[in-house]
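Here is the structure we will look at, set down as structure tokens.
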Amino acid sequence: MAIFGALKTYTMKKIAVFTSGGDAPGMNACIRAVVRTGIYKGLEVYGINRGYEGMIEGDIKRLYSHSVSNIVQRGGTMLKSARSEEFRTPEGRKKAYENLRSLGIEGLVAIGGDGTFTGAKLFFEEFGIPTVGCPGTIDNDIYGTDYTIGFDTAVNTALEAIDKIRDTAAAHDRIFFIEVMGRDAGFIAVESGIGGGAEFVMVPETQTDLKSVVKSLKNLRKTKTSSIIVVAEGDDLGNAEEIMQKVKTAIKDPEKEFKVTTLGHIQRGGKPTARDRVLASRCGMAAVEGLLSGKTNCMAGVMNQQVVYTSFGDCIGKPKPLIEDHLKLIDILSI
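Set out below in structure tokens:
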């Protein structure tokens with residue numbers, strides 16, 4: 001893994017923090033850590049509302065220690081989030097830079113995922129404002145950190161739903177297809193599937209063999225009257241509804257009931273778990289310390305319990321594979 005080292009030591013007085021892209025539980029804990037670490041280090045800290053859009057519009061305010069009181073337990077983001085088409089243009093990025101310069105802001109902490117880091121990388125290359133990112137996305141698909149902020153909470157939200165659905169599945173001898181978020185990554189599906197005792201887990205990273213699924217479901221009917229199938233929304237066979245219809249057609253059993261539950265954005269909300277709060281706090285502190293030590297154009301993550309800094313280029317460009325042992329577990333435990 002490429003680690004983006006220090007360029008030089010910066011003497012900063014003012015930094016700003018913002019959240020961008022999809023919200024994730026734990027973002028508030030990260031904001032809190034950035035603000036209080038910055039103040040502890042003698043900095044003025046500003047919050048940019050609505051991500052890059054707010055940067056362009058000058059929606060920026062100074063934050064104090066009390067500004068981030070009583071937010072560590074809240075989901076969402078106190079700074080809001082928004083998509084910004086204007087920031088994709090050179091004119092939009094220039095406006096953003098001029099607003100930061102007018103306030104004397106010398107460094108940025110960007111909390112988000114690959115889209116956020118792509119924008120931050122381009123912004124640094126054009127205007128040179130040092131930026132360190134924090135991995136905020138429930139999908140856990142960012143290279144350079146074992147886990148992303150919000151992932152653990154999303155898994156536990158999905159797991160709670162799976163547990164409840166299993167009760168009704170068993171009561172009525174039904175096969176349930178439960179769709180979780182994961183357009184390009186199956187981390188939520190895999191971990192909630194293992195924890196929820198799913199018979200099958202379908203993810204974008206592997207090719208789903210429909211014939212094998214149908215054969216296995218028929219065999220399982222000899223020992224199990226109900227089944228749970230967890231589907232990541234980006235599976236190659238389609239979404240949960242499409243896959244259910246294909247399986248139902250192939251099994252051809254008019255007496256067997258098939259149901260679909262799509263969990264959707266419930267996975268993005270709620271109080272963050274302790275694990276997400278601690279991870280977010282560590283990344284927030286590390287981002288400020290990274291800026292002050294001269295690191296830029298990189299993300300602060302945690303790998304093997306240690307803080308590491310990884311270039312935005314690697315975070316964006318390198319794939320993060322699923323854990324092989326997790327995939328093996330699904331096969332072994334489903335029999």
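Numbering (full-length UniProt numbering), first residue to last: 1 to 335. Even for Gly, the Cβ is constructed at its ideal location relative to N, Cα and C.
### Query
Should serine 20 and threonine 116 be called a contact, given that it needs their Cβ atoms to be closer than 9 Å?
Within the sequence shown, the letter at position 20 stands for residue 20. Within the sequence shown, the letter at position 116 stands for residue 116. Yes.
### Query
Are glycine 92 and valine 132 closer than 9 Å when you measure CB to CB?
Taking the sequence shown and counting its residues from 1, the one referred to as residue 92 is at position 92. Taking the sequence shown and counting its residues from 1, the one referred to as residue 132 is at position 132. Not in contact: glycine 92 and valine 132 (Cβ atoms no closer than 9 Å).
### Query
Considering valine 190, what are the terminal residues of the alpha helix (DSSP H) in which it resides?
On the sequence shown, residue 190 is found 190 positions in, with the first residue counted as 1. Start and end: 187-195.
### Query
In the DSSP assignment, what are the bridge partners of tyrosine 46?
In the sequence shown, residue 46 corresponds to position 46, counting from 1. According to DSSP, tyrosine 46 bridges with Ala16 and Arg62.
### Query
Are the Cβ atoms of valine 308 and threonine 145 separated by less than 9 Å?
Residue numbering aside, residue 308 sits at position 308 when the sequence shown is read from its first letter. Residue numbering aside, residue 145 sits at position 145 when the sequence shown is read from its first letter. With respect to the 9 Å criterion, valine 308 and threonine 145 are classified as neighbours on the basis of their beta carbons.
### Message
So the candidates are Glu191, Asn219, Phe124 and Phe151; which of them puts its Cα closest to the Cα of aspartate 23?
### Response
Here residue 23 refers to the residue found at position 23 of the sequence shown. Restricting attention to Glu191, Asn219, Phe124 and Phe151, the CA atom closest to the CA of aspartate 23 is found in Phe151.
### Message
According to DSSP, simplified to helix, strand and coil, what is tyrosine 147?
### Response
As a working mapping, residue 147 is identified with position 147 in the sequence shown. Here DSSP, grouped into helix, strand and coil, assigns tyrosine 147 to coil.
### Task
Could you tell me the distance, in whole angstroms, from the CA atom of isoleucine 39 to the CA atom of glycine 196?
As a position in the sequence shown, residue 39 is number 39, starting the count at 1. As a position in the sequence shown, residue 196 is number 196, starting the count at 1. Each residue's Cα considered, the two are about 43 Å apart.
### Task
Measure the C-alpha to C-alpha separation of aspartate 236 and histidine 172 and round it to an integer number of angstroms.
Against the sequence shown, residue 236 aligns to sequence position 236. Against the sequence shown, residue 172 aligns to sequence position 172. Looking at the two C-alpha atoms, the distance is approximately 29 Å.
### Query
Taking three-plus beta-carbon pairs below 8 Å as touching, is the segment 158-169 in contact with the segment 203-215?
No, they do not touch.
### Message
With a threshold of 7 Å on Cβ separation, who are the neighbours of arginine 88 within its own chain once the five nearest residues in sequence on each side are excluded?
### Response
Numbered from its first residue, the sequence shown carries residue 88 at position 88. Taking arginine 88 as the centre and dropping the five residues before and after it, the same chain places no C-beta closer than 7 Å to its C-beta.
### Task
Return the Cβ separation of glutamate 255 and glycine 182 in integer angstroms, given the expectation that the two are a contact with Cβ distance under 8 Å.
Numbered from its first residue, the sequence shown carries residue 255 at position 255. Numbered from its first residue, the sequence shown carries residue 182 at position 182. 32 Å between Cβ atoms; not a contact.
### Query
In angstroms, rounded to a whole number, what distance separates the CA positions of aspartate 59 and alanine 110?
Mapped onto the sequence shown, residue 59 falls at position 59. Mapped onto the sequence shown, residue 110 falls at position 110. Near 15 Å, if we compare the C-alpha coordinates of alanine 110 and aspartate 59.
### Task
State the Cα-Cα distance for the pair threonine 310 and glycine 317, rounded to the nearest angstrom.
As a position in the sequence shown, residue 310 is number 310, starting the count at 1. As a position in the sequence shown, residue 317 is number 317, starting the count at 1. Counting only the Cα atoms, glycine 317 lies some 11 Å from threonine 310.
### Task
With DSSP collapsed to three states, give me the class of methionine 202.
Numbered from its first residue, the sequence shown carries residue 202 at position 202. The three-state reading of DSSP puts methionine 202 in strand, counting E and B together.
### Task
Confirm the yes/no value for this check: CB of glycine 270, any heavy atom of the ligand ADP, distance under 8 Å.
Because no ligand of any kind appears in the structure shown, any question about the ligand ADP cannot be addressed here.
#### Entry: Integer Cβ distance of glycine 51 from serine 102, believed to fall under 8 Å
Mapped onto the sequence shown, residue 51 falls at position 51. Mapped onto the sequence shown, residue 102 falls at position 102. Contact between glycine 51 and serine 102 does not hold, since the beta-carbon distance rounds to 19 Å and is not under 8 Å.
### Message
Taking DSSP's pairing of strands, which residues face arginine 83 in a bridge?
### Response
If you number the sequence shown from 1, residue 83 lands on position 83. Answer by DSSP bridge pairing: none, since arginine 83 is not bridged.
### Task
Could you check if histidine 99 is buried or exposed, using at least 16 other CB atoms within 10 Å of its CB as the buried criterion?
Within the sequence shown, the letter at position 99 stands for residue 99. Checking the sequence shown, residue 99 turns out to be asparagine, not histidine. Under the 10 Å beta carbon count, asparagine 99 is surrounded by 16 or more other beta carbons and is classified as buried.
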